[in-house]
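Everything in the sequence shown is counted per my numbering, starting at 1 for the first residue and increasing by one.
Here is the structure we will look at, set down as C-alpha cells.
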Amino acid sequence: MVLEGNHEIEEQAENQTFAAYRSRFAFPSKESGSSSQLYYSFNAGGIHFIMLGGYVAYNKSDDQYKWLEKDLANVDRTVTPWLVATWHPPWYSTYTAHYREAECMKVAMEELLYEYGVDLVFNGHVHAYERSNRVYNYTLDPCGLVHITVGDGGNREKMAIEHADEPGKCPEPSSTPDKFMGGFCAYNFTSGPAAGNFCWDQQPEYSAYRESSFGHGILEVKNETHALWTWHRNQDMYNKAGDIIYVVRQPEKCPIKPKKQMMGDKAKRD
C-alpha cells in the first residue's frame, strides 16, 4: 500500500493535484468507505492500518475527519487489536527541517486518534530517523501514541542533521499559510519545559531516540499486546540493530472510550 506525500502533489492546470499518484496505484478506498484515494484503511493480520492524507482537508467539518471517526468506530479490536496510522508529515519531530509543519493536522486529529487508542504512527517527510515515547499533546502519556519518523530510506536532498533544540537552530514560526497543509498553527508553547518558547532548549522528553542515518525499519506483531520494532542503519550488517523496542499495548490500563459515548459526544458537537 502507498500513501501520498508532498512530492506527489504536482499541481497542474486548473489546480489539479495528485493526478499521477491517483492513476498509478490502486487503493481500497471504496472497500473502506472512503470517497477519496488520498485516505483509506485496510486490515493485515492483527493490524488495522489507517492511511491519512496530510495534504487534503482534515478538520472536523471535512470529509476526511468524518470518515476517520466512522472508520475508527467500526474497528473490532478482538479481530485487529493493533491500530496503526500513517501519514506523510510528522507531528512529533525535533529536527529543524519541517519543524512543527503539520501542527494544524495535529490540532485537528490528535484527540480522536488518542481516544480510540491508536497504538503506532509512522511518518516520513523528515529525512532522518526518530522515535517518540508514548506522547499526547507534547506530554508523556502511558496511553499516548508512539510516533516513528522513518523518512530516511534515501533521497537526493541530503540527510536532516540539525535539531530545533540545539543553540541557534530553532526556526522562526511561519507567518505564511500553506494552502496544502491548512495554514500554520504552531505558536510558542504555553506550558511545560518549553513554555514561552517555540522550541525546547534540550532534547524533549517525548523524543526517545533520534539519529541522522539512512535506514529502514521492520514491525513484527508478536501477539495482541506485544509488537517488536527494529530500525536498521543501511551501512550496518543486518544482525545489528540501530534502534529496537517492544511496543506494549495495555488495554486494561488504557480503555477506549465506549462507542455510545463517542457517538453521543459527536451529537453534542453537531
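Just so it is clear, CB atoms sit at the ideal spot from N, CA and C, and this is done for glycine as well.
_Pairwise C-alpha distance: Asn-239 and Met-263_ = Confidence at Met-263 is low in this model, with a pLDDT of 49, below 50, so its placement is unreliable and the value that follows should be read with caution. C-alpha separation (whole angstroms): 47 Å.
*Measuring alpha carbon to alpha carbon, tell me which of Met-1, Ser-213, Thr-139 and Asp-201 ends up nearest Pro-171.*
Asp-201
_Extent of the continuous alpha helix (DSSP H) run through Arg-100_ = Note, Arg-100: premise wrong, no alpha helix (DSSP H); not H, not E.
*Can you tell me the Cβ-Cβ gap for Ser-207 and Thr-94, rounded? I've got them flagged as a contact below 8 Å.*
5 Å
*Run through DSSP, which three-state label would Ser-191 get?*
coil
*Per DSSP, which one or two residues make a beta bridge with His-220?*
Going by the sequence as given, residue 220 is Glu instead of His. Answer is Leu-228, bridged to Glu-220.
_Let me see if you follow: with CB-CB separation under 8 Å, is Ile-50 close to chain D or not?_
The structure shown contains no chain D, having only a single protein chain.
_DSSP has Ala-44 in a bridge; who is on the other side?_
Ile-47
*Between Phe-18 and Leu-3, is the Cβ-Cβ spacing less than 8 Å?*
no
*Straight-line CA distance for Glu-8 to Ile-47?*
26 Å
*Relative to the C-alpha of Gln-250, which residue among Gly-242, His-226, His-232 and Arg-131 is closest?*
His-226
_Assumed close pair Ser-41, Phe-49 - CB separation to whole angstroms, cut-off 8 Å_ = 6 Å
*Looking at C-alpha atoms only, which residue of Gly-182, Asp-165 and Ile-218 is the closest neighbour of Ala-194?*
Asp-165
*Based on the DSSP secondary-structure assignment, which residues constitute the bridge partners of Val-75?*
Bridge partners of Val-75: none, in fact.
*Distance between Met-1 and Val-146 (C-alpha atoms, nearest Å)*: 21 Å
*Based on Cα-Cα distance, which residue from Arg-210, Gly-153, His-163 and Ala-160 lies nearest to Gln-235?*
Gly-153
*asked:* Just verifying my parser: in three-state terms, what is the DSSP assignment at Arg-287?
replied: Nothing can be reported for residue 287, as the shown portion of the chain is limited to 1 through 270.
*Using three-state DSSP, classify Asp-63 as helix, strand or coil.*
helix
_First and last residue of the uninterrupted beta strand (DSSP E) at Ser-132_ = 129-132
_Please list the terminal residues of the continuous alpha helix (DSSP H) segment that includes Tyr-21._
19-24
*asked:* DSSP three-state label for His-88, please.
replied: coil
*asked:* Taking the beta carbon of Leu-228 as the centre, do at least 16 other beta carbons fall within 10 Å, making it buried, or is it exposed?
replied: exposed
*Given that a residue counts as buried once 16 or more other Cβ atoms are within 10 Å of its Cβ, and exposed if not, what is Met-105?*
buried
*Please state if the CB of Thr-86 and the CB of Asn-43 are separated by a distance shorter than 8 Å.*
no
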